[in-house]
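The sequence shown runs 146 to 651 under this note's numbering.
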Amino acid sequence: MKPPQYMPRRNPCSIDSLYSRIAVVEKLLRRLLGNTTHEPQNRLSGFLKAKVKASTVVRFQFELEMDVPTDGFRQGSQPKWRTKCSIERGWFDVVARVDRECPSTGLKQRKLDEVKMDLRQLIIDQTDVSLTVTKHLSSIAVKDGANLVFSPLSIHAALSLIAAGSSGRTLAQLHSFLKSSSSDNLNKLSSELVFLLADASQTGGPKLSFANGIWIDRTFQFLPTFKQIVDDVYKAASNQVDFQTKAVEVTSEVNSWFDKETDGLIKDVLPPGSVDSMTRLIFANALYFKGAWNEKFDASKTRDHDFHLLNGSSIKVPFLTSKKKQLIRTFDGFKVLGLPYKQGGDKRHFTMYVLLPDAKDGLAALVEKVSSKSSFLDRHIPNEQVEVGDFRIPRFKISFGFEASDVLKGLGLTDVFSGGGLTEMVASTVGGHNLYLSSIFQKSFVEVNEEGTEAAAASAATISLRSIRFEDKVDFVADHPFIFMIREDNTGVLLLIGHVLNALAG
């Protein structure tokens, strides 16, 4: 006979609710196997509870399969049964499986727990891509003597959406660049990011906004499959416009959208002339973050000190200071400081990290080190507070904009800029064979002061028609160029990355 199945709906639930569901499963097992205690059932319950002990937001699915003889069970015999359970917890997926077999000759464990953290791996891959881009951008900015801030997350979202509408070599190259095996994985990550970056200000956490928008020429229509991804996965607002006769007006409309989504911090992402009569699609992404420090700095203690520039000179800069314990780790050649933001009512945990080279001219070497190894950040995150001696970090405010096409081409992403592969986006007599990515603009802003951090980033992609152990006290004095980043610690997602060359320069 067909094996019975028990499959609760996959709805968000609390730990108590999940345990009650496990209890239902236990009762079902007892009913099917008899009221006697069975080792597999007890192990299953313990396994599930151990896997979700630290979770707060959980989706749960359980499946039971049992081989039931048509003539019933003989005395002393036991059925063959198998169970599968998937759990999605916290802010990334953890899939936990139990697969057991109980032959009539006795109980035998065929396969114990297999834990997959597929979304976590996607985030690790996304972080690796982010740091590769950071390395190239930092090198360019240092040559120009400029401070740097950008959102790799924003660029990743735009490229992932473009990948969803691509095919052939273009799609394969996008997957390779984004270190993804499929567009489904990219879409899954993007969907989770929309959820992860939901506003937390109502419960006392950071004010957050992560928005996607698309502008499409009125002569084009999205293919149904692509439109579904746009609506359901990326939650992108779609707008039909007239590029051919109103390119200037569309430019203004898109820039106004950025201004609104970033609370007025990002203006004029699309420069004059970037949109013309040959433009057919604009993909836009905006990120806004405003968080208060978990431990604010006393503004009355802020003092001017020297900040040393790469050219050997120095300038006077206001420095924040504190005598409270800080999250600091020291390594060979650099130190890492963690400044947590105030949390809201959920378990999301945002932190700014400052990576400070020991040498005053050590920024380039540190950027190389950070970007050279996968999971570098995870292995160097400070998790213990220490007593501080001389502790100072500068106030700074940075605005940085760039056109990413040349950077991406230099990293090997070329096909999407040459046309022929964007065939899964639009239904048109022109089709996607003549569409190509003409440019990706990004503009970012960050301000760090005694209260906390306000930051924003915006990306727009336009598609055109072809034609160590601590001592008693640790010093942390960020008086020379350093790296900074804003990270959600439960997932490892990087919102913003940058470097400070001159703490006075905007």
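Glycine residues also receive a C-beta, built at the ideal position from the N, C-alpha and C atoms.
Less than 7 angstroms separating the beta-carbons of residue i and residue j?
i	j	result
residue 339	residue 603	no
residue 426	residue 334	no
residue 368	residue 353	no
residue 545	residue 293	yes
residue 624	residue 452	yes
residue 276	residue 516	yes
residue 627	residue 531	no
residue 601	residue 407	yes
residue 521	residue 502	no
residue 582	residue 606	yes
residue 655	residue 591	Coverage of the chain is limited to positions 146 through 651, which leaves residue 655 absent and any answer about it impossible.
residue 273	residue 519	yes
residue 506	residue 455	yes
residue 422	residue 381	no
Whole-angstrom Cβ separation of residue i and residue j, contact assumed at under 8 angstroms?
i	j	result
residue 410	residue 337	Contact flag wrong, Cβ pair sits at about 25 angstroms.
residue 619	residue 483	Residue 619 to residue 483, Cβ: 13 angstroms. No contact.
residue 475	residue 536	With 8 angstroms as the limit, residue 475 and residue 536 do not qualify as a contact, their Cβ atoms being about 13 angstroms apart.
residue 325	residue 270	7 angstroms
residue 100	residue 298	No information on residue 100 is available, as it lies outside the stretch 146 to 651 that the chain covers here.
residue 646	residue 290	6 angstroms
residue 527	residue 472	4 angstroms
Who are the Cβ neighbours of residue i in its own chain at under 8 angstroms, not counting the five residues just before and after it?
i	result
residue 384	358, 359, 360, 361, 398
residue 449	461, 462, 463, 464
residue 469	440, 533
residue 493	236, 341, 345, 350, 633, 635
residue 554	562
Counting only the same chain and skipping the five closest in sequence on each side, list residues whose C-beta sits under 7 angstroms from that of residue i.
i	result
residue 552	278, 281, 282
residue 304	319, 323
residue 395	360, 386, 388, 420
residue 374	309, 332
residue 459	451, 452, 453
Enumerate in chain order the residues of its own chain whose CB-to-CB distance from residue i is below 6 angstroms, with the five nearest sequence positions on each side excluded.
i	result
residue 496	483, 485, 632, 634
residue 306	379, 428
residue 525	481
residue 330	267
residue 412	404
residue 366	572
residue 648	452, 462, 539, 541
residue 548	584, 586
residue 650	292
residue 286	293
Does the ligand MG have even one heavy atom less than 6 angstroms from the beta-carbon of residue i?
i	result
residue 291	Within the structure as shown, the ligand MG is missing, as the structure has no ligands at all.
Sequence ranges, beta strand (DSSP E) only - wholly within the region 367–396, length at least 3: 382–386
Counting pairs of beta carbons, one from the region 511–526 and one from the region 591–601, are three or more of them closer than 8 angstroms? no
Are there three or more Cβ pairs, one per stretch, closer than 8 angstroms when the region 275–283 is compared with the region 628–645? yes
Are the region 483–497 and the region 418–433 touching, with three or more C-beta to C-beta distances below 8 angstroms? no
May I ask you to verify whether the region 311–320 touches the region 548–568, counting CB pairs closer than 8 angstroms and requiring at least 3? yes
Just list the beta strand (DSSP E) runs in the region 405–482, keeping only unbroken ones of 3 residues or longer that don't cross its boundaries, in chain order. 424–437, 448–453, 459–466, 471–476
List in chain order: all unbroken beta strand (DSSP E) runs of 3+ residues lying wholly within the region 533–595. 533–539, 541–548, 580–593
Can you list the beta strand (DSSP E) stretches of 3 or more residues lying completely in the region 306–363, in chain order? 352–362
Kindly provide the ranges of any beta strand (DSSP E) runs that are 3 or more residues long and lie completely inside the region 491–537, ordered along the chain. 495–502
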